[in-house]
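Peer 1: First the structure, then my questions, so here it is.
So, in structure tokens, the structure goes:
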């Protein structure tokens with residue numbers, strides 16, 4: 008992550024700002040409309056006030072509304088909507104000389120992403136002896152959950168989606184392990200609406216999507232996410 012500091016303190020958005028970001032909902036079909044409006048306060052946690060060293064403490068994010076996303080997505084070449092390429096590496100990633108590291112990186116214009124396993128191991132940086140140790144079951148589950156989260160985060164960036172500031176969401180920026188582990192493996196209402204706007208022509212099925220997420224969480228023993 009870039010070692011820069013924002014000039015003003017981030018404040019979580021108000022309910023009015025969240026609704027403005029979501030935009031009009033009346034033309035949406037029943038399933039997606041219910042998914043982004045019913046039981047929101049119970050299902051989606053507010054984004055917390057950042058602590059020192061958190062992503063929003065050191066990076067200035069203004070947020071991307073659904074309307075802004077739709078307008079921006081029209082400028083992305085059609086080919087990048089049809090074909091993505093995402094690489095994975097064990098190398099630690101440093102995109103620029105003045106950055107400390109990133110978990111992943113996405114180039115929207117070219118439809119190319121890259122993410123790294125290097126920092127997903129809770130023992131990172133590993134000693135030479137630890138490199139040959141078999142992870143415990145708890146460590147294995149944590150590494151797998153982090154890997155899925157980072158992969159999906161970078162994949163969704165390739166749709167043109169920016170970091171989320173509206174709820175605790177898979178698309179929040181991440182500066183360290185604690186923030187990464189707090190993120191859910193699903194999108195908040197605002198980001199879900201953005202994804203729907205990109206995929207509705209291919210029969211976006213929000214119920215099937217959530218059932219798929221639940222099935223994966225149960226299969227890989229992500230207990231907190233499966234509850």
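In this note's numbering, the protein residues as written are 8 to 234. Note that the Cβ used here is the ideal one computed from N, Cα and C, for glycine as well.
Measure the CB-CB distance between residue 122 and residue 151 and report whether it falls below 9 Å.
Peer 2: Numbered from 1 along the chain shown, position 115 holds the residue referred to as residue 122. Numbered from 1 along the chain shown, position 144 holds the residue referred to as residue 151. Going by C-beta atoms, residue 122 is not nearer than 9 Å to residue 151.
Peer 1: Which of helix, strand or coil does DSSP assign to residue 171?
Peer 2: In the chain shown, the residue the question calls residue 171 occupies position 164. Residue 171 falls in the coil class under three-state DSSP.
Peer 1: Please state whether the Cβ-Cβ distance between residue 32 and residue 44 is less than 9 Å.
Peer 2: By one-based count along the chain shown, residue 32 stands at place 25. By one-based count along the chain shown, residue 44 stands at place 37. Result yes, Cβ atoms of residue 32 and residue 44 sit closer than 9 Å.
Peer 1: Roughly how many angstroms lie between the CA atoms of residue 21 and residue 51, to the nearest whole one?
Peer 2: Taking the first residue of the chain shown as position 1, residue 21 is located at position 14. Taking the first residue of the chain shown as position 1, residue 51 is located at position 44. Looking at the two C-alpha atoms, the distance is approximately 14 Å.
Peer 1: Would you grab the beta carbon distance between residue 68 and residue 170 for me? Rounded to a whole angstrom, and I think it's under 8 Å.
Peer 2: Within the chain shown, the letter at position 61 stands for residue 68. Within the chain shown, the letter at position 163 stands for residue 170. Their Cβ separation, rounded to whole angstroms, is 5 Å, which keeps residue 68 and residue 170 in contact under 8 Å.
Peer 1: Does DSSP put residue 219 in a helix, in a strand, or in coil?
Peer 2: On the chain shown, position 212 is the one that residue 219 refers to. In this structure, residue 219 counts as helix in the three-state DSSP scheme.
Peer 1: Straight-line CA distance for residue 114 to residue 77?
Peer 2: Residue numbering aside, residue 114 sits at position 107 when the chain shown is read from its first letter. Residue numbering aside, residue 77 sits at position 70 when the chain shown is read from its first letter. In a straight line, the C-alpha of residue 114 is about 18 Å away from that of residue 77.
Peer 1: For residue 230, I'd like the list of residues in its chain whose CB is within less than 6 Å of its CB, leaving aside the five on either flank, ordered along the chain.
Peer 2: For this step, residue 230 is matched to residue 223 along the chain shown. Correct list: empty, nothing qualifies.
Peer 1: Is residue 200 buried or exposed, if buried means 16 or more other CB atoms sit within 10 Å of its CB?
Peer 2: If you number the chain shown from 1, residue 200 lands on position 193. Label assigned to residue 200: buried.
Peer 1: Could you tell me whether the Cβ atoms of residue 61 and residue 214 are closer together than 9 Å?
Peer 2: Here residue 61 refers to the residue found at position 54 when the chain shown is read from its first residue. Here residue 214 refers to the residue found at position 207 when the chain shown is read from its first residue. Their beta carbons are not under 9 Å apart, which means residue 61 does not touch residue 214 by this criterion.
Peer 1: Let me check understanding here. Comparing Cα to Cα, which of 129, 158, 133, 135 lies closest to residue 144?
Peer 2: Here residue 144 refers to the residue found at position 137 when the chain shown is read from its first residue. Looking only at 129, 158, 133, 135, the smallest Cα-Cα distance to residue 144 is reached by 129.
Peer 1: Which residues in the same chain as residue 232 place their Cβ atom closer than 6 Å to its Cβ, once the five residues preceding and following it in sequence are excluded?
Peer 2: Stepping through the chain shown from its first residue, residue 232 is reached at position 225. Correct list, in chain order: 192, 224.
Peer 1: Go to residue 212, then tell me how far its alpha helix (DSSP H) extends in each direction, as first and last residue.
Peer 2: The residue labelled residue 212 in the question sits at position 205 within the chain shown. Where residue 212 is concerned, there is no enclosing alpha helix (DSSP H), given that its DSSP letter is neither H nor E.
Peer 1: Between which two residues does the beta strand (DSSP E) holding residue 113 run?
Peer 2: On the chain shown, position 106 is the one that residue 113 refers to. Residue 113 -> beta strand (DSSP E) spans 111-114.
Peer 1: Looking at the structure shown, is residue 156 part of a helix, part of a strand, or coil, going by DSSP?
Peer 2: Counted from its first residue, the chain shown places residue 156 at position 149. Looking at residue 156 - three-state DSSP - the assignment turns out to be helix.
Peer 1: Does DSSP put residue 118 in a helix, in a strand, or in coil?
Peer 2: Against the chain shown, residue 118 aligns to sequence position 111. Looking at residue 118 - three-state DSSP - the assignment turns out to be coil, as it is neither helix nor strand.
Peer 1: Three-state secondary structure (DSSP) at residue 93?
Peer 2: The count along the chain shown starts at 1 and reaches residue 93 at position 86. Here residue 93 sits in strand by DSSP.
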